[in-house]
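Heads up: the sequence shown begins at 1 in our numbering, then just goes up one per residue. In what follows, a single structure is set out as structure tokens and then discussed.
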Amino acid sequence: MKNIFIYSTILCSLASLAGCEKYLEQPVDQRTQLNTVEKVSELLATAYPKADYATFTEAMSDLAMDKGNGPVLNEEKNRNPYFFQDVITRDEGTPNYYWNSCYAAIAAANHALEAIDQAANAADYQAQKGEALVARAYSHFMLVTLFAKVYNPATAASDPGIPYVTAPEKIVMGQYDRRTVAYVYEQIEKDLTEGLPLLNNNAYRIPKYHFNTAAAHAFATRFYLFKKDYKKVVQHANQAFPGGNIGPSLRPWVRVYNTLTVNEMLATYTRATETANLLLTETNSVWARNYGRYRYGLATPIVNALLTGTNVTGTSWAYPLYTQGDDNWLVLKFNEHFVRESANANFGDAYTIFPLFTAEEVLFNRAEANLELGNLEAARTDINLYASTRIENYNAAAHNITNIKLRNYYGTTNVKEGLLNALLDFKAAEFVQEGMRWFDILRHNITVEHPVVGGQTITLKPDDPRRVIQLPQEVVLAGIEQNPR
1 MKNIFIYSTI
11 LCSLASLAGC
21 EKYLEQPVDQ
31 RTQLNTVEKV
41 SELLATAYPK
51 ADYATFTEAM
61 SDLAMDKGNG
71 PVLNEEKNRN
81 PYFFQDVITR
91 DEGTPNYYWN
101 SCYAAIAAAN
111 HALEAIDQAA
121 NAADYQAQKG
131 EALVARAYSH
141 FMLVTLFAKV
151 YNPATAASDP
161 GIPYVTAPEK
171 IVMGQYDRRT
181 VAYVYEQIEK
191 DLTEGLPLLN
201 NNAYRIPKYH
211 FNTAAAHAFA
221 TRFYLFKKDY
231 KKVVQHANQA
241 FPGGNIGPSL
251 RPWVRVYNTL
261 TVNEMLATYT
271 RATETANLLL
281 TETNSVWARN
291 YGRYRYGLAT
301 PIVNALLTGT
311 NVTGTSWAYP
321 LYTQGDDNWL
331 VLKFNEHFVR
341 ESANANFGDA
351 YTIFPLFTAE
361 EVLFNRAEAN
371 LELGNLEAAR
381 TDINLYASTR
391 IENYNAAAHN
401 ITNIKLRNYY
411 GTTNVKEGLL
421 NALLDFKAAE
431 FVQEGMRWFD
441 ILRHNITVEH
451 PVVGGQTITL
461 KPDDPRRVIQ
471 LPQEVVLAGI
481 EQNPR
């Protein structure tokens, strides 16, 4: 495997190369030295990607359709992913922006770890060390998932990975080895297993914006689901909530959400006091402004099939749907936070808060792991539990998923296959317009078909190399071999 060079956009993406070396010689936070627990904690607030992946992963998924030339937004960062073409632009909402944001987050974690290692009272920093390790593992996991082949035990030792960076940037260009997917997974697991026991929720002012213990266990369920270590998925899911009781933390769509006004709903879905939200992050993103208006997105046929039509339970979901004009559907999840350059300015930066981990994902991950372990009734119980929070006037006798319902709806007598189909359908509905469906498409080798106005259909099969997002141009130009096309 050849060595590569990554331009140090991590710490000086806005600095010229001429001045970058001097910049890197300065403390990571030029206002202060990292010599107290409080200062390291402040730095770790930046150890999370400040970018969204939903803009491109939602468009790549089978939850997007071509709405045509009506009152829609037609932008490269939404259009190219739908056509499975590489995105060249580097603005927010693009794969390039997400790559750089992940490595910026990794850089912050590495500087925190260096400061902790050098501290005379390192024992006082154990909670911060735990957060830095888990945050570093998370960003690398997202990078390897999006920019490398999905983990396959038979090929992971030879599939090219992404650079796993464990030291702070000190020079303009650092030399790294891309290594393999298997190596990256080993390093992720090492950081995760070392960091998780060190976490302390009392170290955070607002735990939902940091890797609190529940969020870290939720991350572990996702990681081990990809790694196909299903026993550990169940173990971590049960540790995320007291006694493994996830039900009380699920979003109260029927009981509460359906009674809210539009403004109340926009303020509720991503708030830190919502029990379903385990980890939130503020991203530099216009997703909240545009996610219902993009040309390639949630359209009426998908709404009818996924959200308003009859599902395997025998009824439909209770999600409140809204439109921004014909065919511009949206579920009220995101509210834009606009920060002006000054009090009187009419320009500034748009931010969207994203839930990175939720109680619903933990429930789904546990159910899928139990399916793979042969614990079909445990999985069915979790799937029915989810349905009970999404169906008005839920009645177990009428709405629970039976083998007969699975056979009639999915055309299969294989109970495991039917339950998995139901689970994946429920996940698609739950996380619509959050970009999460793409990860199930990767893990389950699901074929994606994108119809185009005019009659053409673009098909992405399981072995299509375009399922792996292309690396940023500057990284390729610096010496790394690009992903195949």
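We treat Cβ as the ideally placed atom computed from N, Cα and C, and that holds for glycine. Treat the numbers as computed from the prediction; the structure is a model and nothing was measured.
The beta strand (DSSP E) spanning residue i covers which residue range?
i, result
"Val-331", "329-331"
"Pro-451", "448-451"
"Leu-280", "277-284"
"Gly-348", "348-358"
"Ile-458", "457-460"
Please go through the same chain and pick out, in chain order, the residues whose beta-carbon is closer than 8 Å to the beta-carbon of residue i, but skip the five residues on each side of it.
i, result
"Asn-201", "Pro-207, Asn-212 and Thr-213"
"Thr-46", "Ala-104, Ala-105 and Ala-108"
"Asp-91", "Lys-77 and Tyr-97"
"Lys-22", "Here the model assigns Lys-22 a pLDDT of 43, short of 50, so the residue's position is not dependable, and the following value carries that caveat. Excluding sequence neighbours, Lys-22 sits near nothing in its chain."
"Gly-411", "none"
"Asp-440", "Leu-424, Lys-427, Ala-428 and Ile-446"
Please go through the same chain and pick out, in chain order, the residues whose beta-carbon is closer than 6 Å to the beta-carbon of residue i, but skip the five residues on each side of it.
i, result
"Leu-356", "Leu-279 and Thr-281"
"Trp-438", "Thr-57, Met-60 and Ser-61"
"Leu-146", "Ile-469"
"Lys-232", "Tyr-224"
"Asn-290", "Leu-73"
"Arg-467", "none"
"Pro-484", "Pro-465"
"Arg-31", "Residue placement at Arg-31 is flagged as unreliable, the pLDDT there being 39, under the threshold of 50; the coordinate-derived value follows with that caveat. No residues qualify anywhere along the chain."
Whose CA, out of the options, lies closest to the CA of residue i?
i, options, result
"Ala-54", "Tyr-82, Thr-36, Glu-169 and Ala-135", "Tyr-82"
"Ala-135", "Ile-106, Lys-231, Ala-276 and Gly-418", "Ile-106"
"Trp-253", "Asn-393, Gly-161 and Arg-485", "Asn-393"
"Trp-520", "Ala-398, Asp-229 and Leu-73", "Missing from the structure shown is residue 520; the chain here goes from 1 to 485 and no further."
"Pro-451", "Leu-460, Asn-445 and His-444", "Leu-460"
"Pro-197", "Ile-188, Arg-466, Ala-216 and Gly-70", "Ala-216"
"Leu-113", "Glu-131, Cys-102, Asn-100 and Ser-101", "Glu-131"
"Gln-128", "Ile-446, Ile-353, Glu-194 and Gly-297", "Glu-194"
"Ala-240", "Gly-309, Leu-363 and Arg-293", "Leu-363"
"Gln-433", "Ala-64, Asn-110 and Leu-43", "Ala-64"
"Gly-292", "Thr-323, Ala-119 and Pro-462", "Thr-323"
"Lys-427", "Ala-350, Ala-318, Pro-168 and Leu-306", "Leu-306"
"Arg-222", "Asp-326, Leu-442 and Asp-463", "Leu-442"
"Asp-327", "Asn-69, His-337 and Val-165", "Asn-69"
"Asn-384", "Gly-374, Ala-396 and Asn-375", "Ala-396"
"Thr-381", "Thr-413, Ile-188, Leu-423 and Thr-457", "Leu-423"
"Gly-374", "Glu-336, Val-415, Ala-387 and Ala-318", "Val-415"
"Ile-560", "His-140, Phe-84 and Ala-51", "Within the shown structure, residues of the chain are numbered from 1 to 485, placing residue 560 beyond reach of any answer."
Residue i lies in the alpha helix (DSSP H); which residues open and close that run?
i, result
"Leu-306", "No alpha helix (DSSP H) contains Leu-306, which DSSP labels as neither H nor E."
"Thr-270", "Per DSSP, Thr-270 belongs to no alpha helix (DSSP H) and is neither H nor E."
"Tyr-322", "Careful: Tyr-322 lies outside any alpha helix (DSSP H), inside the beta strand (DSSP E) at 321-323."
"Tyr-386", "376-388"
"Thr-89", "Where Thr-89 is concerned, there is no enclosing alpha helix (DSSP H), given that its DSSP letter is neither H nor E."
"His-236", "230-240"
"Trp-287", "287-290"
"Asn-80", "76-82"
"Val-475", "473-477"
"Phe-223", "213-227"
"Glu-38", "37-44"
"Thr-55", "54-60"
Please work out which residues of its chain come closer than 7 Å, Cβ to Cβ, to residue i, disregarding the five sequence neighbours upstream and downstream, and give them in chain order.
i, result
"Tyr-185", "Tyr-151, Ala-156 and Lys-227"
"Ala-122", "Ile-116"
"Ala-276", "Ser-249, Leu-250, Arg-251, Thr-358, Ala-359 and Glu-360"
"Ala-378", "Asn-370"
"Gln-482", "Gln-470, Leu-471 and Val-476"
"Thr-273", "none"
"Tyr-138", "Phe-219"
"Val-144", "Gly-161, Ile-162, Val-181 and Val-184"
"Ala-167", "Asn-110"
"Pro-153", "Lys-228"
"Tyr-204", "His-210 and Asn-212"
"Leu-260", "Thr-268"
For residue i, would you say it is in contact with chain C, using Cβ-to-Cβ distances shorter than 8 Å as the test?
i, result
"Phe-334", "Structure shown: chain C not included; a single protein chain is present."
Are there any heavy atoms of the ligand MN lying less than 7 Å away from the beta-carbon of residue i, as far as the coordinates show?
i, result
"Ile-446", "Inclusion of the ligand MN in the displayed structure is not the case, the ligand content being empty and no account of it being possible."
| field | Completely contained beta strand (DSSP E) runs for the segment 115-195, where each covers 3 or more residues | value | 173-177
| said: Could you tell me which whole alpha helix (DSSP H) segments of length 4 or greater appear in the segment 392-446? | reply: 396-399, 403-410, 415-430 and 437-443
| query | Is the segment 398-416 touching the segment 327-337, taking contact as three or more C-beta pairs under 8 Å? | reply | no
| Is the segment 284-300 close to the segment 365-376, with three or more CB pairs under 8 Å? | no
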